[in-house]
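In this note's numbering, the protein residues as written are 22 to 493.
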């Protein structure tokens, strides 16, 4: 009987957890462009009221706040890893997730438990009912803060959801801020120039709070410097010198843009140390970066289908990040025959991404268009049509061959077939899988089922079975 009651308790927890997650995304709109900034001031005031109704879960929390277009997740993960290595109790809030909703809220390095999500969400729902309304990201941010408060975290690393100035993470009082590389993304919400987008991100800067950034386009850097001066935030532009010569970076941090994210993370944590907020030696910083793990960032796997070849997975999902990725692939794998597996969300500039990917010629044997399991995913035949239009407009370049695949396993088979036809004397074949977080997640989920030994037993890919289907 005891076994039966445990089983029913587990089933109840699963159902309650699915309901809590559903509640967060209940009013999410996946069909239209984001309208988040229609009345930012009103949203701001309402979220303040929500925090009041929750009893100010931000009180006493030392916050590391990170904005930017690309590299926020990596930088946040590295900051969290260094804080934890130096003995701090730390929460980490990032988005979106690859496999499990609980990746978004981590407590001392562990995914928040389903039971904790259920209990914290009861508090959040009550507060939301009291103030009348909250968007999905506002509910999510509130949930993270409540989870951190319940777990008695001293520190929280918060990644902005979108922009910075009006973001719900910007209601906290940070002790240090970081702004990663700024590029063109979410233009429908943040503005159509790099300067306008930079201005939104600069909204996280606070008087007297040290801020750090990476090399930026001149227009973005000008905006950041002016904003920092206006609010009185000391701003440091980081270079690779901030990493120090002793730093051995893991392979996923080898691309130059990732090295800069790591350099900024080190500079941010060292600034906390120099102000006496934390005891963290350079050695601890370096060791924790060497062991830090953030999946689907320049991640290399060797699935059996590729017969000794390599699969490179990356969440690059906008033109600037695809450009950086292609450059790193061309630099690190100059002689390897290549295939690309690509899918994108409808709200992204897929045509620009496709154009960047085809610059991997002449060693590019095949491109396979796929659709991730997501309501915003672009249809594979639409992607092929974009590629063909681009090819007719630039007939001088060797145009890549495009095909569609109905599944990740099918895409991998097509890529393998195209690559293994090439003469064996060539370097090992490389398949690049990218274009959206959901494409990378879909490929990892397929491999976790087909070849579980490719992953550590603790990999989040194995969490997926207990997860409700998620849309955001």
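Glycine included, C-beta positions come from ideal geometry on N, C-alpha and C.
The alpha-carbon separation between residue 151 and residue 164 amounts to approximately 15 angstroms. DSSP places residue 400 in the coil class of the three-state scheme, outside both helix and strand. In this structure, the alpha-carbon of residue 66 lies about 11 angstroms from that of residue 155.
Following the DSSP letters along the chain, one finds residue 453 inside the beta strand (DSSP E) bounded by residues 451-455. Here residue 181 has 88, 188 and 190 as same chain residues with Cβ atoms under 6 angstroms from its own Cβ, once five neighbours each way along the sequence are excluded. Between the C-alpha atoms of residue 234 and residue 257 there is a straight-line separation of about 6 angstroms.
Inter-residue distance for residue 24 and residue 40 is about 24 angstroms (C-alpha atoms, whole angstroms).
Our two residues, residue 302 and residue 291, have alpha carbons roughly 8 angstroms apart in a direct line.
Non-local beta-carbon contacts of residue 100 in its own chain, meaning distances under 8 angstroms to residues more than five positions away in sequence, involve 85, 87, 178, 199, 286, 289 and 290 in chain order.
Residue pairing for residue 225: DSSP places it in no beta bridge. Residue 105 is not a Cβ neighbour of residue 115, given a cutoff of 7 angstroms. Residue pairing by DSSP places residue 198 opposite 86 and 232 in a beta bridge. Taking every protein chain shown into account, the CB of residue 304 has fewer than 16 other CB atoms within 10 angstroms, so this residue is exposed. Residue pairing by DSSP places residue 128 opposite 112 and 131 in a beta bridge.
Per the DSSP secondary-structure output, residue 387 pairs in a beta bridge with 360. Taking all protein chains shown into account, residue 409 has fewer than 16 neighbouring C-beta atoms within 10 Å of its C-beta and is therefore exposed. For residue 65, the enclosing alpha helix (DSSP H) covers residues 61-74.
Put simply, of 382, 345 and 374 the residue whose alpha carbon is nearest the alpha carbon of residue 390 is 374.
The beta-bridge partner set that DSSP reports for residue 321 consists of 333.
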